[in-house]
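Chemist: Pasting a structure here, questions to come.
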Ligand SMILES: CC(C)(COP(=O)(O)OP(=O)(O)OC[C@H]1O[C@@H](n2cnc3c(N)ncnc32)[C@H](O)[C@@H]1OP(=O)(O)O)[C@@H](O)C(=O)NCCC(=O)NCCS
């Protein structure tokens, strides 16, 4: 599902050559994230997965934690369900669950195309950044934060 979403929806802000090289990295299955207990899917009555996303205490790829802060992780909506509130519904659930664990601030390393989505959820763009993906690859992104 993430592959279907990223491969079609990132094309508005990234060129073909960059996408072809980074897609295998950014759509790779992440068992740690999938089993963390705070990564969610939203599915419809036909049990089709419409979207996914979640949060972790840890900064992606590390064990670093900052008290009161959490990171939003890997939000994606299937292209068939875009613009129907799927991402917002998953975010609202994240917010409820994170607040129960005394999280007061979300941090997000956002793809360029998702800035408008995160802004509508209350995030502010702090700076441009490159997410290092290894093997000499990186993804131009945005550091965004929201008080919750
Ligand atoms: C970003 C993404 C998850 C948004 O999912 P979605 O389910 O379509 O979002 P929603 O329908 O819940 O939209 C929530 C709000 O964001 C706004 N929004 C989302 N995408 C938008 C776009 N491309 N242009 C303008 N507004 C947009 C909606 O208008 C809506 O605002 P409203 O509730 O005030 O009307 C989806 O576009 C996606 O999967 N993109 C590719 C993967 C990606 O880049 N993920 C982010 C990784 S950091």
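Residue numbers (our numbering): 5 to 152. The beta-carbon is built from N, C-alpha and C at its ideal position, and this holds for glycine as well.
When the distance is taken between beta carbons, is residue 110 closer than 8 angstroms to residue 71?
Modeler: Looking up residue 71 in the chain shown gives position 67. Looking up residue 110 in the chain shown gives position 106. Taking 8 angstroms as the Cβ cut-off, residue 71 and residue 110 do not qualify as a contacting pair.
Chemist: Secondary structure at residue 149, three-state DSSP: helix, strand or coil?
Modeler: Residue 149 sits at position 145 when you count from the first residue of the chain shown. Three-state DSSP puts residue 149 in a strand.
Chemist: Buried or exposed: where does residue 107 fall if 16 or more other Cβ atoms within 10 Å of its Cβ makes it buried?
Modeler: The count along the chain shown starts at 1 and reaches residue 107 at position 103. Flag for residue 107 reads buried.
Chemist: Does the stretch 72-85 touch the stretch 132-144, meaning 3 or more C-beta pairs lie closer than 8 angstroms?
Modeler: Touching, no, given that fewer than three Cβ pairs across the two stretches are closer than 8 angstroms.
Chemist: Which complete alpha helix (DSSP H) runs does the stretch 26-86 hold, if anything under 4 residues is left out?
Modeler: The DSSP assignment places 35-38 as complete runs of the alpha helix (DSSP H) inside the stretch 26-86, in order along the chain (cut-off: 4 residues).
Chemist: Just confirm the distance between the C-beta atoms of residue 12 and residue 83, as a whole number of angstroms; I'd bet it's less than 8 angstroms.
Modeler: Counting from one through the chain shown, the residue named residue 12 turns up at place 8. Counting from one through the chain shown, the residue named residue 83 turns up at place 79. Sure, about 5 angstroms apart at Cβ, within 8 angstroms.
Chemist: Whole angstroms is fine: what's the gap from residue 40's alpha carbon to residue 58's?
Modeler: Working through the chain shown from its first residue, we reach residue 40 at position 36. Working through the chain shown from its first residue, we reach residue 58 at position 54. Going from the Cα of residue 40 to the Cα of residue 58 covers about 9 angstroms.
Chemist: By how many angstroms is the C-alpha of residue 94 removed from the C-alpha of residue 74?
Modeler: Mapped onto the chain shown, residue 74 falls at position 70. Mapped onto the chain shown, residue 94 falls at position 90. Going by the C-alpha atoms only, they are around 15 angstroms apart.
Chemist: Helix, strand or coil: how does DSSP classify residue 136 here?
Modeler: One-based indexing of the chain shown puts residue 136 at position 132. DSSP places residue 136 in the strand class (E or B) of the three-state scheme.
Chemist: Between residue 131 and residue 148, what straight-line distance do the alpha-carbon atoms span, to the nearest angstrom?
Modeler: Stepping through the chain shown from its first residue, residue 131 is reached at position 127. Stepping through the chain shown from its first residue, residue 148 is reached at position 144. Cα-Cα distance, rounded: 7 angstroms.
Chemist: Please classify residue 109: does DSSP put it in a helix, a strand, or coil?
Modeler: Residue mapping note: residue 109 aligns to position 105 of the chain shown, counting from 1. Note: residue 109 maps to strand in three-state DSSP.
Chemist: Looking at ligand 1, does it come within less than 7 angstroms of residue 79, judged from the CB to the closest heavy atom?
Modeler: Looking up residue 79 in the chain shown gives position 75. It does: the Cβ of residue 79 is within 7 angstroms (strictly closer) of some heavy atom of ligand 1.
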